[in-house]
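Protein chains in written order, with our numbering: chain A, 1 to 917; chain B, 1001 to 1281.
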């Protein structure tokens, strides 16, 4: 069979039914084509066949005979980026980059037929490719701009990197299909590991003799059981290592790992589940917090009452104050499990190097992985090396271990490279989820709408294991007042174990759930008092000089009032537009109504009350370039670029002279986790300090003044100007190491926080991001369907190190917030794929306008705070507020799927009819 | 090793199907591969996409013949009369462009999902299927062919070779509406296909089927009768009544509950009829 790919003919003699995607990746090495689901649900594997976009995962190789195939690697003509690829780079259309090849190919199909497509045509062409990072807006803009040849973006000049819309430093690799993710660096001689997972939510089981299995499947090398793991427990917190790598006789959630098969890829994939020596005894599972509290059975034998922990924030006398409030409101809210749905499933490989283990895998947190694997293997941390691959999306889900522990066990025992790639259903069944929350709230205010008292009780379903449950239960009470000044507060959070997937970290750590409650309360109070919904938020917005519910005095950078001011014009405009629209006969005829809603949020940057330091290093090298040793992992959000911008300006050299090594635990210092919106603020500050340290060392060589200009050229440092210029030949400087480092700057930053007292009083975070967002929505009254037409987002980010990337983070957060509000609900065993579990497509996204407020935070690098999570938090509240404005339904459960909203609309109209006239 | 046959000749394909252990029939692959995620591909397959007889759309006197390997994308792009407007709308609602470019209408019908996007519109158009085997050729109405949730009347050794759409006596027009919880790549909560054959502004014949609200798409003959003889105008939608939907048997599932499905089917039907009325004027 002759297959032509990117103009090159290949002879293929294997089975005709093999997936084209496997041929491209495994046989031809064209790893630019990504596999996100193998089911046609995500479009990451989109290629052109005979000029038309198809999913390579659904295409038998035989059908490509005589039909030329083009992959992302074929989009460049003679090494020159296509106009479309340039536009993607210039517009910042790639974040993690895992969907980028599919997007580029799908758009190429369109542009070949139509060089100047409409926005609708672009959406139709890209509708089959899912992106979880970007919110699609910059992708659509890039495709619309691709009719022109845009110049390749240049790195910002010396001293102007911070604040520049610099292109991603790793952008070219992502656009050319060269970026290597977890599944892309597996060596050819690796053997494969397949994890067998429990089909029951709760069960006991026994493992029988594995010898017959090994006999039946030649090529199978080993069957791993719990007994093979030196220390069979892991978890985020040092004192809670409750999750086994392989379950030891007890299944606590469906999808839990029970066995692992190691052998040739064909052999491990061929093993049929019915041949496994496993005998299960299923039990009735505990599902939901109510059942966990009521159950006489336990999920974990040593956790009485199925409770993980509880805690809160108490200030003043909230209950006493309510009686003095002119207005108050109460509510009870419910949210669901939510899946991260990064498009890259968990993947990686490991090898044993002497007495060390080296793991190459997709992750958000190389150093935590290193220490955790060391603990599991009963080895010293420096015997484990984590080499992170590019990360195709994380959002909190890749903070927990996935493939790493079993790869370590297998490669250690077998002394061969071992690889593992999760399937999509496996990724969804095994990985952590957003905590379902039940939030009961009461808010009271005076007659002018000033909040006097808030009481919140939040219960979280943390699933079978602790994971990040404590973080969620601790973070929420701090944030549950909303970004408002409240003198009397009683906020309490609890987390319970159930027989569900472990709920862990997911963009916002519980705060998005709580925000749905507090923003509904603000709307309730506004309604009662006849106040404008934006105005009541402005009256209560936390400001510099005020004290939070934990007793923390805000000394700097509390820009919520400015955010609200920035939105005021749109707020009025959209409300007028919605009213005008609803008054038209056409709206009534089509049974659609429009409404506008608003949501506000604050978000503490970094770990709650716990130390979370970052260390960064930057060197000047013998080749006249700078090297950033960057332990802060870029999971698509752009920290590689942000760190380079910061360090370049700190050193005082052009960004184009900087290179970076990212994440490798042998080569970088610990910069903590990519979580809690902390990398720009914490690692960015460390990078700034590292840059300043290096600059001081350079200046010291020349005894130059602090503000002297540094210029590197012709193998020499040129320091100062004109007559005062000193020239130092790099060849004259001693080398620090084999890499050619001559001078090494180091910086460390740990945001100042304090441990809370028994009432939760203290300084949980060194700084807070603030934001307000508004949404214009349209509700199909008869069908209960919601379309978000427009959103405007005003964010106080302290300082936008890279405004383009800040916008991208906000767009992406909004997409996930929209999913949370309208469609995302993970049901274990029922929605373990990307067609039953729905995330927003390009067609679901509104036009988004971003307004940046820069109220500088003195602790942050050049004033910056963080923006990773804040875009998500106020999105659902704004959309729900819009629904309420449109049709009067006060939504208390998300996702508000069409049938749920329709039911609520009908219940409300019946209630109205029942009222006496 | 599994066998993979991709004959270029229909009789060869039928001969392969006549074997004692007939292979699975593969066209666009958009249902086959998703059902085998993480599983070995060890089925014997008969790939029918190289057979010229199964391609293309032909105008054949009293009917249209849609070859078994015609894709959704080809239907969307084909020059066809307004009778096919609804089918074109359905084509644009299937998956994303990738699935539309590979997936076939006939495959969609043979897969017989309750939510098959092709079934309601084609059923409303009175489509028949042409079935061939080594032993001969027969035709069967689509409504009869799909006998349940993922069940069809396809016999061992048989291949669907074409979809036959009869030409209406007058001015046939159609509309398809699909309801899902998101735009693109979505499985239907409910959908409706409506075909009205109109002469002098009066409905002469009506075809109407609902998808995703029963084990298989379902025609609503009483409602069809209630429309015949009346003027095609927006007010015609008012003849659509809840009792017309009594024969549906929707289920509660992750996408929606049964009551909502039934209500939505009625609302979509009213809207589809209103859309046809507005189109006409």
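Glycine included, each C-beta is placed from N, C-alpha and C at the ideal position.
No experiment lies behind these values; they were computed from the predicted model shown.
Beta-ladder partner(s) of residue 630 of chain A, from DSSP = A/662
message = Within 10 Å of its beta-carbon, does residue 1281 of chain B have 16 or more other beta-carbons around it, so buried, or fewer, so exposed?
response = Residue placement at residue 1281 of chain B is flagged as unreliable, the pLDDT there being 48, under the threshold of 50; a coordinate-derived value is accordingly withheld.
query = In chain B, what lies closer than 7 Å to residue 782 of chain A by C-beta?
reply = 1267
message = Taking only three categories from DSSP, how would you classify residue 1202 of chain B?
response = strand
query = Exposed or buried, what is residue 828 of chain A when buried is set at 16 or more other beta-carbons lying within 10 Å of its beta-carbon?
reply = buried
inquiry  = On the DSSP bridge list, what partners appear for residue 420 of chain A?
reply    = A/348
Supposed close pair residue 717 of chain A, residue 621 of chain A - CB separation, criterion 8 Å = Wrong, their Cβ atoms sit about 12 Å apart, outside the cutoff.
inquiry  = Could you check whether residue 1172 of chain B and residue 1191 of chain B sit closer than 8 Å to each other, using their CB atoms as the reference points?
reply    = no
inquiry  = Given this structure, state the Cα-to-Cα distance separating residue 1095 of chain B from residue 217 of chain A, to the nearest angstrom.
reply    = 38 Å
message = Quick check on DSSP: helix, strand or coil for residue 110 of chain A?
response = helix
ask   = Is it the case that the Cβ atoms of residue 531 of chain A and residue 542 of chain A are separated by a distance below 8 Å?
value = no
key: Rounded Cβ spacing between residue 1116 of chain B and residue 1109 of chain B (contact assumed at less than 8 Å)   = 6 Å
ask   = Within the 8 Å Cβ cut-off, does residue 1029 of chain B reach chain A?
value = yes
ask   = At what residue ranges does the segment 782 to 810 of chain A contain a whole run of the beta strand (DSSP E), taking only runs of 3 or more?
value = 785 to 796
task = From the DSSP output, in three-state form, read off residue 844 of chain A for me.
result = helix
task = Determine the DSSP secondary structure at residue 434 of chain A, reduced to helix, strand or coil.
result = strand
query = So, helix, strand or coil for residue 57 of chain A, using DSSP?
reply = helix
query = How big is the Cα-Cα spacing for residue 557 of chain A and residue 608 of chain A?
reply = 19 Å
Assigned secondary structure, residue 452 of chain A (DSSP; H/G/I helix, E/B strand, else coil) = strand
Rounded C-alpha distance that separates residue 129 of chain A from residue 100 of chain A = 9 Å
query = Could you give the distance in angstroms between the alpha-carbon of residue 1253 of chain B and the alpha-carbon of residue 1187 of chain B?
reply = 12 Å
message = Under 8 Å, with one C-beta from each stretch per pair, do the segment 896 to 914 of chain A and the segment 794 to 809 of chain A reach the 3-pair mark?
response = no
Segment contact flag, the segment 568 to 579 of chain A with the segment 867 to 876 of chain A, C-beta cutoff 8 Å, min 3 pairs = no
Per-residue burial, residue 703 of chain A [other beta carbons within 10 Å of its own, 16 or more giving buried] = exposed
ask   = Residues of chain A with CB under 7 Å from residue 1045 of chain B, in chain order?
value = 17
ask   = For residue 366 of chain A versus residue 386 of chain A, is the C-beta spacing smaller than 8 Å?
value = yes
Test item: CB-CB of residue 486 of chain A and residue 526 of chain A under 8 Å = no
query = Between the segment 251 to 261 of chain A and the segment 191 to 208 of chain A, do at least 3 Cβ pairs fall closer than 8 Å?
reply = yes
task = Compute the Euclidean distance between the alpha carbons of residue 835 of chain A and residue 1041 of chain B, then round it to the nearest angstrom.
result = 21 Å
request  = Taking only the alpha-carbon atoms, compute the straight-line gap between residue 347 of chain A and residue 36 of chain A and give it to the nearest angstrom.
outcome  = 11 Å
Beta carbon proximity, residue 1170 of chain B to chain C, threshold 8 Å = The structure shown contains no chain C; the protein chains it does contain are A and B.
inquiry  = Quick check: does the Cβ of residue 851 of chain A come within less than 7 Å of any heavy atom belonging to the ligand NAD?
reply    = Among the ligands in the structure shown, none appear at all, so the ligand NAD cannot be discussed.
message = Checking the sheet assignment: what are the DSSP bridge partners for residue 317 of chain A?
response = Its beta-bridge partners do not exist; DSSP assigns none.
inquiry  = Under 8 Å: do the segment 23 to 43 of chain A and the segment 93 to 107 of chain A share three or more Cβ pairs, one atom per stretch?
reply    = yes
query = By a C-beta neighbour count over all protein chains shown, 10 Å radius and 16 as the cutoff for buried, is residue 921 of chain A buried or exposed?
reply = Residue coverage of chain A in this structure runs from 1 to 917, which leaves residue 921 of chain A outside it and unanswerable.
Touch test, the segment 745 to 757 of chain A against the segment 684 to 701 of chain A, Cβ-Cβ under 8 Å, three pairs minimum = yes
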